[in-house]
Amino acid sequence: MVGNPTTDWREDTANYDIGICNNYIYHTGYEYPTAVSVYVSMADGLNVKNNLIKESAYTAISAGWGWLPATYDYGEKINVRNAEIAYNLIEDFMQVSYDGAAIYVLGGNCAESYKECFNEIHDNFAVKSSETSTKMGYYLDGSASHWHVYNNVISGSAYPVYSQYNTPGENSYNNLIEKNYSTEAFPGGNESFDRNVVVKECFTEPTLEALYKKYPNAKSIEENAGLLK
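Using this note's numbering, read the sequence shown as starting at 3 and increasing by one per residue.
Next comes the structure, spelled out in structure tokens:
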């Protein structure tokens, strides 16, 4: 856990250049089921890479905080900036809790007028083999903004990629979601051109084997995720 939930960026509690990489994290949150395996609140500069995370009662990786769209320009204040969540291998997340994800981000990162995606979620592999509670795979919740979500694989999640779009005042914006792979269908409704939320080129096959056969890149994502060899 890095940082605490807070509504505003404060220099006296600031988090800079955080790296959480190449860790094996196992069986978290079962005594306290809202505990996240890897949690980072507001941060300027973040790398969460090459972790192997197994059996999370709740969410495996969570970044950001705050539930309202940001009114500040890029650089004035920070929720999450220059973040890369990549090459993580996540197995059996959301084993107890329901409303969470393999990777979960929230909070506006700068004003809606700034369109560039400066945070990335890419090349992660998440699989849920059991029939226990699940909801989202990659989850952009309340006002999450300026994320590029691409080249990820998800299996066993009812909503492979979910971008908050139906709660007034908590809509995500300025996100690009593309080239993701899933064994479940990508639900409609996530895309919103009014808020510059674009979903394109996401691919579905009924099993991982079928995904690998039709889209060899999905197999490559699995092979390159997790602990550094």
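Glycine residues also receive a C-beta, built at the ideal position from the N, C-alpha and C atoms.
In terms of residues, what are the limits of the beta strand (DSSP E) holding residue i?
i, result
"N84", "82–88"
"A65", "63–65"
Buried or exposed for residue i, please, with buried defined as at least 16 other CB atoms from any protein chain shown within 10 angstroms of its CB.
i, result
"F95", "buried"
"G31", "buried"
"L230", "exposed"
"N24", "exposed"
"K215", "exposed"
"A160", "exposed"
"F127", "buried"
"F195", "exposed"
"S165", "buried"
At what residues does the alpha helix (DSSP H) containing residue i begin and finish?
i, result
"N121", "Per DSSP, N121 belongs to no alpha helix (DSSP H); it is in the beta strand (DSSP E), 121–124."
"A220", "218–226"
Considering only residues of the same chain and omitting the five flanking positions on each side of residue i, which have a CB-CB separation below 6 Å?
i, result
"N106", "According to the sequence displayed, residue 106 carries Tyr and not Asn. Once the five neighbours on either side are set aside, the close Cβ partners of Y106 are T61, S64, Y141."
"L178", "C119, H150, V200"
"H29", "E57"
Quick one: residues in its chain with C-beta nearer than 7 Å to the C-beta of residue i, no 5 flanking neighbours on either side, listed in chain order?
i, result
"G110", "G68, L70, P71, A72, N81, S145, S147"
"S99", "P35, T36, A59, Y60, S135"
"S131", "D94, G158"
With which residues is residue i paired in a DSSP beta bridge?
i, result
"N177", "V199"
"V50", "I22, I87"
"A128", "I92, I156"
"T206", "S184"
"V107", "A65, L142"
> Curious, which full-length beta strand (DSSP E) runs of at least 3 residues does the region 11–46 contain?
Replying inline: 18–23, 26–30, 40–42
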